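Per this note's numbering, residue 2 is the first one in the sequence shown, and the count goes up by one each step.
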Amino acid sequence: MTKRKKFMLSAFSIIFLLIIGLAILSHILPDAKFVGDVIVDGSGTVGAKLSDVLLSPVLGFADAVDVCIFVFILGGFLAIITKTGALETGIKVLVNKLKGNELVLIPILMFIFSVGGTTYGMLEETVGFYVLLAATMVAAGMDTIVGSAVILLGAGSGVLGSTVNPFAVGAAVSSLPDGVVANQGLIIFTGLLLWITTLVISIIFVMNYAKKVMEDKGSTFLSLQEQKAMEKKFAKEIEDAKDKNKKVTLTGKQKVTLILMALTFIVMIVGFIPWGDFNVTIFDKFTGWLTGSSLGLWYFAEASVWFLVMAIIIGIINRMKEKDIVDTFVDGANDMISVVLIIAVARGASVLMGVTHLDNYIIYNAADWLSNLPELGFVPLNYLLHVVLSILVPSSSGLAVLSTPIMGGLANTLGYSVETTIMTFVSANGLVNLITPTCGAIMGGLALAKVEYTTWFKWAFKVVVTIAIVNILILELVTLVF
Numbered sequence: 002m003t004k005r006k007k008f009m010l011s012a013f014s015i016i017f018l019l020i021i022g023l024a025i026l027s028h029i030l031p032d033a034k035f036v037g038d039v040i041v042d043g044s045g046t047v048g049a050k051l052s053d054v055l056l057s058p059v060l061g062f063a064d065a066v067d068v069c070i071f072v073f074i075l076g077g078f079l080a081i082i083t084k085t086g087a088l089e090t091g092i093k094v095l096v097n098k099l100k101g102n103e104l105v106l107i108p109i110l111m112f113i114f115s116v117g118g119t120t121y122g123m124l125e126e127t128v129g130f131y132v133l134l135a136a137t138m139v140a141a142g143m144d145t146i147v148g149s150a151v152i153l154l155g156a157g158s159g160v161l162g163s164t165v166n167p168f169a170v171g172a173a174v175s176s177l178p179d180g181v182v183a184n185q186g187l188i189i190f191t192g193l194l195l196w197i198t199t200l201v202i203s204i205i206f207v208m209n210y211a212k213k214v215m216e217d218k219g220s221t222f223l224s225l226q227e228q229k230a231m232e233k234k235f236a237k238e239i240e241d242a243k244d245k246n247k248k249v250t251l252t253g254k255q256k257v258t259l260i261l262m263a264l265t266f267i268v269m270i271v272g273f274i275p276w277g278d279f280n281v282t283i284f285d286k287f288t289g290w291l292t293g294s295s296l297g298l299w300y301f302a303e304a305s306v307w308f309l310v311m312a313i314i315i316g317i318i319n320r321m322k323e324k325d326i327v328d329t330f331v332d333g334a335n336d337m338i339s340v341v342l343i344i345a346v347a348r349g350a351s352v353l354m355g356v357t358h359l360d361n362y363i364i365y366n367a368a369d370w371l372s373n374l375p376e377l378g379f380v381p382l383n384y385l386l387h388v389v390l391s392i393l394v395p396s397s398s399g400l401a402v403l404s405t406p407i408m409g410g411l412a413n414t415l416g417y418s419v420e421t422t423i424m425t426f427v428s429a430n431g432l433v434n435l436i437t438p439t440c441g442a443i444m445g446g447l448a449l450a451k452v453e454y455t456t457w458f459k460w461a462f463k464v465v466v467t468i469a470i471v472n473i474l475i476l477e478l479v480t481l482v483f
């Protein structure tokens, strides 16, 4: 039984409506007061002009240009991989070898992604995996929601329970006011509790859904339009899933291609991990010759160079002509235009928040109100505050710089746990980045997997609420014990 056709707003419309809503809110709240050219913190907001609203997506593009370039080059890289036939054949071989044990892929892959999340905040870097995982799960008899969930809930579990993630925990600790210190051991312990419990909840939820879809295709959460898009995008995988007795083998070139593809992603991950923060200096002297920055100091510019070089190498190994390499790469980049635009528009919401000083107003006034609460009341309401703030400012490092100097200082003054306050921000921000439309990585990844945002929101809502409740209970428990 297929789902009935229903009306759904596009990702672009949802984000634009949010931007308009923020602009309206900036006029409803009190006007900001200035001393010269400097705003009085928390005094009010600056009403958004029409030009601010219209410019925000454009400025969002400028703000996210490094990510956008990476996604374009990633599209070209994946197109060349697809052209070789290695990926398609590799997925067939993997599914055939599993022989009815396809579900085991889910906990293994989710744990791997979660390790990246807790150590270095792996989120935007996961965009390249959505097509790969969507194709794999469809070939295994599941759907694209499962592929998306493995990545998003897997990596998201780790980010939510960050232990040493420098872009969340590190940024928060370094943003504490002078004289306020945090016990790093307690932060890591709390992060481990949040990480493992969230990961277990997510794995159970995803595996239960995947099992239902494998047993009955009519139980898919995808709409009729999404099912058609999935069937068109992954037609070969669906056809192969029907013929599990068909034997396939990888050629020598295809094996080399898959090894190089895996190496490309592994090196990217190693490049993004800030090894210097862990006092690891092994990469400093000999790994910067290609991109100009050694492994551990990479960001999206260096990753873009790496994927471009590897795309060319893989094309040459497969004896593709120069014109074929260029045309295939350009076609792949062209396929990413909608994804890039979604990422840019999503970043526009954060741009408007900064222009109107809405973020500043909310955090200062909320801190003033929370100062009158006992610690057991402070923790859950501080969590809810950061849920709201994270929708408006999805960047963990950006929100850490905005929030921690105020909330960390307030907790210290009131005699509350600074460590719990930091992890409240980290977990709330991680929770929101499982579902918010202002996160470019979510919107871009879902677009690649052919899953509408509204579908993802409805599907993920229950597990997100469950995770939030467990998070708050763990934070309260840590507060009581320590």
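Don't be surprised by glycine CBs; every beta carbon is placed ideally from N, CA and C. Fair warning: this is a prediction, and the values are worked out from it, not measured in the lab.
| field | For Met444 and Thr127, the rounded distance between their alpha carbons | value | 12 Å
| query | Of the residues Leu411, Leu309, Ile315 and Ile270, which one's Cα is nearest the Cα of Ser295? | reply | Ile270
| said: Tell me whether the region 345–365 and the region 38–58 touch, counting them as touching only if at least three CB pairs, one residue from each stretch, are closer than 8 Å. | reply: yes
| query | Taking the runs of the alpha helix (DSSP H) that are 4 residues or longer, which of them lie wholly in the region 244–282? | reply | 253–273
| So, using beta-carbon positions, are Ala450 and Ala135 closer together than 9 Å? | yes
| field | Cβ contact check for the region 34–53 and the region 351–367: 3 or more pairs under 8 Å | value | yes
| field | Beta-carbon separation (whole angstroms), Ile423 vs Ile188, contact threshold 8 Å | value | 6 Å
| task | Within 10 angstroms of the Cβ of Gly1, are there 16 or more other Cβ atoms? Answer buried if so, exposed if not. | result | Lying outside 2 to 483, the shown extent of the chain, residue 1 is not represented and no answer is given.
| query | Is Glu420 closer than 9 Å to Leu183 when the C-beta atoms are compared? | reply | The sequence shown places Ala at residue 183, rather than the Leu named in the question. The answer is yes: Cβ separation under 9 Å.
| task | Within its chain, find whatever has a CB closer than 6 Å to the CB of Gly129; leave out the 5 residues flanking it on each side and keep chain order. | result | Leu75
| message | Just list the residues that DSSP pairs Val36 with in beta bridges. | response | Val39
| query | Using the C-alpha atoms, what's the distance from Gln228 back to Val268? | reply | 34 Å
| query | If you check the beta carbons only, do Lys254 and Thr83 fall under 9 Å apart? | reply | no
| Unbroken alpha helix (DSSP H) runs of length 4 or more, entirely within the region 194–239: which are they? | 225–234
| query | In terms of residue numbering, what span does the alpha helix (DSSP H) encompassing Pro58 cover? | reply | Leu51 to Asp64
| query | Less than 9 Å separating the beta-carbons of Thr405 and Ser372? | reply | no
| task | Spatial neighbours of Val433 within its chain, please: CB distance less than 6 Å, with the 5 preceding and 5 following residues excluded, ordered by chain position. | result | Val388, Ser391 and Ile392
| query | Which one or two residues does DSSP pair with Thr425 in a beta bridge? | reply | According to DSSP, Thr425 bridges with nothing at all.
| Beta-carbon proximity list for Gly316, same chain, < 6 Å, skipping 5 on both sides | Ile81 and Ile326
| Cut-off 8 Å between Cβ atoms - residues of its own chain near Cys69, not counting five sequence neighbours on either side | Phe62, Val341, Ile344 and Ala345
| query | Start and end of the alpha helix (DSSP H) containing Trp460? | reply | Tyr454 to Val482
| task | Could you check which residue in Ile113, Leu18 and Phe168 has the C-alpha nearest to that of Tyr300? | result | Phe168
| query | What is the residue span of the alpha helix (DSSP H) that Met111 lies within? | reply | Leu106 to Tyr121
| query | Would you call Phe308 buried or exposed, if buried means 16 or more other Cβ atoms sit within 10 Å of its Cβ? | reply | buried
| message | Within the continuous alpha helix (DSSP H) that includes Leu154, where are the two ends? | response | Thr145 to Leu161
| task | Rounded to whole angstroms, what's the CA-CA distance from Leu104 to Ala150? Just pull it up for me. | result | 13 Å
| query | Cα separation between Leu474 and His28? | reply | 37 Å
| Tell me which same chain residues have a C-beta within less than 6 Å of the C-beta of Ser203, skipping the five on either side of it? | Leu154 and Ser158
| said: One question on the structure: do Phe426 and Ala401 come within less than 9 Å of each other, judged by their Cβ atoms? | reply: yes
| query | Around the C-beta of Trp370, are 16 or more other C-beta atoms found within 10 angstroms, so that it is buried, or is it exposed? | reply | exposed
| Residue from Val72, Val47 and Leu51 whose Cα sits closest to the Cα of Ala302 | Val72
| Which listed residue (Val207, Ala33, Gly186 and Ser339) has its alpha carbon closest to that of Gly48 | Ala33
| field | Contact belief for Ala24 with Lys93 at Cβ below 8 Å, rounded distance in angstroms | value | Actually they do not touch by this definition, with Cβ atoms about 50 Å apart.
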